[in-house]
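Data first, discussion second: the structure below is written as structure tokens.
There are 4 protein chains.
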Amino acid sequence: MNAYTHKVQYYETDKMGVTHHSNYIRWMEEARTDYMEQMGYSYQKLETLGVISPVVGIECSYKASTTYADIITIKVEIEELTGVKLKVKYTMTKEDGTLAFEGISTHCFLGEGGKIVRLKNEVPELYEAFLNSMNM
Amino acid sequence: MNAYTHKVQYYETDKMGVTHHSNYIRWMEEARTDYMEQMGYSYQKLETLGVISPVVGIECSYKASTTYADIITIKVEIEELTGVKLKVKYTMTKEDGTLAFEGISTHCFLGEGGKIVRLKNEVPELYEAFLNSMNM
Amino acid sequence: MNAYTHKVQYYETDKMGVTHHSNYIRWMEEARTDYMEQMGYSYQKLETLGVISPVVGIECSYKASTTYADIITIKVEIEELTGVKLKVKYTMTKEDGTLAFEGISTHCFLGEGGKIVRLKNEVPELYEAFLNSMNM
Amino acid sequence: MNAYTHKVQYYETDKMGVTHHSNYIRWMEEARTDYMEQMGYSYQKLETLGVISPVVGIECSYKASTTYADIITIKVEIEELTGVKLKVKYTMTKEDGTLAFEGISTHCFLGEGGKIVRLKNEVPELYEAFLNSMNM
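Chains as they are written, first to last, in the numbering used here: chain A, 2 to 137; chain B, 2 to 137; chain C, 2 to 137; chain D, 2 to 137.
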């Protein structure tokens, strides 16, 4: 899978002169949805089935600051995939290779009325796509 | 009607050290929905009818910069209300009375399938509430 | 200390119809800076000393979704305070008492040139204020 | 000059299911700074001179809604350039060619202490770059 790149925008900085920390959470989403597109099963496709994949938890560490116009490379890896839970890992580096951020997001899958969706049984095509992506 | 107040948050500033200009557009929305609540017809109530009120245009002038922890007072006025269009005016001042921002947003009303809703005929209760609010 | 309240804004929702998860990270900052004001040592005061307090880590769990116009009550607690590190805990509940979010942010303190500031020795007034706030 | 493209992110949508209108203001900035890079005089370069270019006014019309994963093409044109003022025009279209948004931002140039900078005299290299870009 190709890493995702995000260029830091001016509106993403704060008065410390660096990227506001909340934006990395948004870039995790950018990179995760890009990853799904690359693996051939986009988030939109999932939504057309009436299934959503909310974030249920985040853990992250800010390693080095970034700022306006920096190009951030975001490597996405599937950390864990069970029948009902997905853990995605993100490693963000700056152009000179400096590690800027590491994070993990945990997701569940919900269908109509907020019912838990067991991916392996109910959306096997996506389950397989996630599994296969680990070797791409 | 009471003016709305917004305290500038750290995440709303940018590396110039001041509030990023895009946030004023968001504060217009904060103040407008607060105004609707005050006039007794909230935006949520409108949504329960299946009617939305998208922004179709904005015109604004940035008069003085604001920054983290500033308390912004936002005066909202109905500039124009026709059967199908609403124009809302916003005047934002700082604590010392300095004018920071002036803006106007124009809205239409849309129902199921994006059909234009003629407020006066189709949601007369809201139309009256807007009219009455002009004298409050 | 008084809990902080945040009303969910329309621009904070996403197409799932609920608050986008990145906004809770911003509300943590809103509540944390409010807490500092309540304890009598604001973040602006710290900045005038040339000291900043970046977020170095976040851990959080999303427990229940929230949406437009919900009033979120945010309880802030100092989880840990050492000479060089601050951990702050946030508990967010909805109006009916439902737990919506729990999070912890970890902070360091940096002075001129990004040098680590040992709070206890270098900004003892703030260190004391944090300590005292734990019993308020 | 090449048009700029922006892919609508999930976090840019709102509960109407479409892109929140405030994001177009941010995309104007994305496209404007990209334009400056293409013309060979980046906004960062301007900042190193101690000069900033705040937005003093915006006028815009929302023509058609966009949503998650749409690819927006943003054409940037210099509408007016005087010694002290810059007007930039933005035309945003969807993949099928539908016009989504038209906007104009007006900028001044400020130096140390907020003093007005007369671009033509004080930063002639940038003034020329803007002029030349009109024919690129």
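Virtual Cβ for every residue (Gly too), placed ideally from N, Cα, C.
What span of residues does the alpha helix (DSSP H) with residue i cover, start to end?
{"i": "K140(B)", "result": "What the structure shows of chain B is the stretch from 2 to 137, and residue 140(B) is not part of that stretch, so it cannot be assessed."}
{"i": "G49(C)", "result": "In the sequence as presented, Gly is not what sits at residue 49(C); that position holds Thr. It spans 44 to 49 - the alpha helix (DSSP H) in which T49(C) sits, taken as one unbroken run."}
Which residue comes first and which comes last in the beta strand (DSSP E) that contains residue i?
{"i": "L82(B)", "result": "72 to 82"}
{"i": "V56(B)", "result": "56 to 63"}
Around the C-beta of residue i, are 16 or more other C-beta atoms found within 10 angstroms, so that it is buried, or is it exposed?
{"i": "N24(D)", "result": "buried"}
{"i": "L47(A)", "result": "buried"}
{"i": "G51(C)", "result": "exposed"}
{"i": "L132(B)", "result": "exposed"}
{"i": "G58(A)", "result": "buried"}
{"i": "I26(B)", "result": "buried"}
{"i": "E13(C)", "result": "buried"}
{"i": "E96(D)", "result": "exposed"}
{"i": "G104(D)", "result": "buried"}
{"i": "M29(C)", "result": "buried"}
{"i": "M135(A)", "result": "exposed"}
{"i": "L87(C)", "result": "buried"}
{"i": "L120(D)", "result": "buried"}
{"i": "M137(B)", "result": "exposed"}
{"i": "I73(D)", "result": "buried"}
{"i": "I117(A)", "result": "exposed"}
{"i": "E31(C)", "result": "buried"}
{"i": "T67(A)", "result": "buried"}
{"i": "T99(D)", "result": "exposed"}
{"i": "T140(D)", "result": "Since the first residue of chain D shown is 2 and the last is 137, residue 140(D) is not available in this structure."}
{"i": "T94(B)", "result": "buried"}
{"i": "T20(C)", "result": "buried"}
{"i": "A101(A)", "result": "buried"}
I'd like to confirm something about residue i: is its beta-carbon nearer than 7 Å to some heavy atom of the ligand ATP, or not?
{"i": "T92(B)", "result": "Absence of the ligand ATP is noted for the structure shown, with no ligands found whatsoever."}
My output table needs one value for residue i: the three-state DSSP class, helix, strand or coil.
{"i": "K90(B)", "result": "strand"}
{"i": "A32(D)", "result": "helix"}
{"i": "Y5(B)", "result": "strand"}
Can you pull the DSSP bridge partners for residue i?
{"i": "T107(B)", "result": "G58(B), K88(B)"}
{"i": "T99(A)", "result": "DSSP output for T99(A) lists no bridge partner at all."}
{"i": "I53(A)", "result": "L111(A)"}
{"i": "I26(A)", "result": "DSSP lists no partner for I26(A)."}
{"i": "T14(D)", "result": "T20(D)"}
List the residues of chain E that residue i touches, going by C-beta distances under 7 Å, in chain order.
{"i": "E31(C)", "result": "Any reference to chain E falls outside this structure, whose protein chains are A, B, C and D."}
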